[in-house]
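This report refers to the structure that appears directly beneath it.
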Amino acid sequence: MRKMAIGMLALCFWLGWVVYPHHTMADVEWRTIKEIDLKSEPLDIFQSPDGELLFILTRGEVLIYSARQQNITDRVPVDKEFDRITYSSQTKSLTLSSSTKKTLFILALEFIQKFDISGLPFKGPEDAPVVFVVFSDYQ
Numbered sequence: 024m025r026k027m028a029i030g031m032l033a034l035c036f037w038l039g040w041v042v043y044p045h046h047t048m049a050d051v052e053w054r055t056i057k058e059i060d061l062k063s064e065p066l067d068i069f070q071s072p073d074g075e076l077l078f079i080l081t082r083g084e085v086l087i088y089s090a091r092q093q094n095i096t097d098r099v100p101v102d103k104e105f106d107r108i109t110y111s112s113q114t115k116s117l118t119l120s121s122s123t124k125k126t127l128f129i130l131a132l133e134f135i136q137k138f139d140i141s142g143l144p145f146k147g148p149e150d151a152p153v154v155f156v157v158f159s160d161y162q
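The sequence shown begins at 24 in the numbering used here and counts up one residue at a time.
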């Protein structure tokens, strides 16, 4: 009987060891990636889902920080009363809200890409507002 009790106790201990998760203490290693001097107090921030853009709301403007370029690429002037910000990647819009004025403001953003086409072949006048680049030597 005593051997059976010891066997059952050992079995219970073994099952508890196997079935229940083990908790271990772990350290966290960290490092500073970038420190940005904003020149004004940030009120709210929002990072785009792809991690490419960081929208920083300060009093009177929204700063747009590009992770790829590692700097603030644009500044959007807004009313100084806004204190919250969010971004929708589906509609490409910023939503700003003011708790003091009880207002909501939606900004549609359009990101314009600049391409350096100097030295590339083209047809038509060089100073035309739209230029179609033709790659006629493609094989």
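Heads up, the beta-carbon is just placed ideally off N, CA and C, and yes, glycines get one too.
Integer-rounded CB distance, given that residue j should sit under 8 Å from residue i
i: Leu-86; j: Arg-98; result: 6 Å
i: Phe-20; j: Phe-78; result: Nothing can be reported for residue 20, as the shown portion of the chain is limited to 24 through 162.
i: Lys-57; j: Gln-93; result: 7 Å
i: Ala-90; j: Lys-115; result: 17 Å between Cβ atoms; not a contact.
i: Gly-83; j: Val-101; result: 7 Å
Bridge partner(s) assigned by DSSP for residue i
i: Gln-70; result: Leu-77
i: Arg-82; result: Answer is none; Arg-82 lacks a bridge partner.
i: Arg-107; result: Ser-120
i: Ile-87; result: Phe-78 and Asp-97
Residue i, enclosing beta strand (DSSP E) - first and last residue
i: Val-99; result: 94-100
i: Phe-128; result: 126-131
Contacting residues, own chain, Cβ-Cβ under 6 Å from residue i (five flanking each side not counted)
i: Gln-70; result: Leu-77
Spatial neighbours of residue i in its chain, beta-carbon cut-off 7 Å, leaving aside the 5 residues before and after
i: Ser-63; result: Thr-81 and Arg-82
field: Meets three-Cβ-pair contact criterion under 8 Å: the stretch 141-155 and the stretch 106-120
entry: no
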